[in-house]
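> Handing you a structure now.
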Ligand SMILES: [Zn+2]
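Take a look at the structure:
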């Protein structure tokens, strides 16, 4: 599924509208990722639904995924 979309998709980031270079390694911040329009935490049955899939840069995808953290509950101890 992932590789099919990567090959047949428009290679346009649905979050910033920019072009995605699919040749970039997965570790690259501007590399290709598959994003889910509806979060899988609420719509797990849509995980494999292509209509819920969008292409996005890794950095755009993770920026969107950065939900506000509940105050007083951080993952790091400074
Ligand atoms: Zn983007």
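Residue numbers (this note's numbering): 271 to 348.
Every residue gets a Cβ at the ideal spot worked out from N, C-alpha and C, and that includes glycine.
Going by DSSP in three states, residue 349 sits in which element: helix, strand or coil?
Nothing can be reported for residue 349, as the shown portion of the chain is limited to 271 through 348.
> Taking only heavy atoms of ligand 1 into account, decide whether any of them is closer than 6 Å to the Cβ of residue 327.
In the chain shown, counting from the first residue as 1, residue 327 sits at position 57. Relative to ligand 1, the nearest heavy atom lies less than 6 Å away from the CB of residue 327.
> Starting from residue 304, follow its DSSP beta bridges and name the residues at the other end.
In the chain shown, residue 304 corresponds to position 34, counting from 1. According to DSSP, which records beta bridges pairwise, residue 304 is partnered with 325.
> For residue 279, verify whether its CB is less than 6 Å away from any heavy atom of ligand 1.
For the purposes of this step, residue 279 is identified with residue 9 of the chain shown, where counting begins at 1. Checking every heavy atom of ligand 1 against the Cβ of residue 279, none is found closer than 6 Å.
> Please state whether the Cβ-Cβ distance between residue 323 and residue 283 is less than 7 Å.
Translated into the one-based positions of the chain shown, residue 323 becomes position 53. Translated into the one-based positions of the chain shown, residue 283 becomes position 13. No.
> Classify residue 303: buried if its beta carbon has 16 or more other beta carbons within 10 angstroms, exposed otherwise.
In the chain shown, counting from the first residue as 1, residue 303 sits at position 33. Counting Cβ neighbours within 10 Å, residue 303 comes out buried, since at least 16 surround it.
> I need the DSSP call for residue 280, collapsed to helix, strand or coil.
To locate residue 280, count along the chain shown from 1; it is residue 10. Here residue 280 sits in coil by DSSP.
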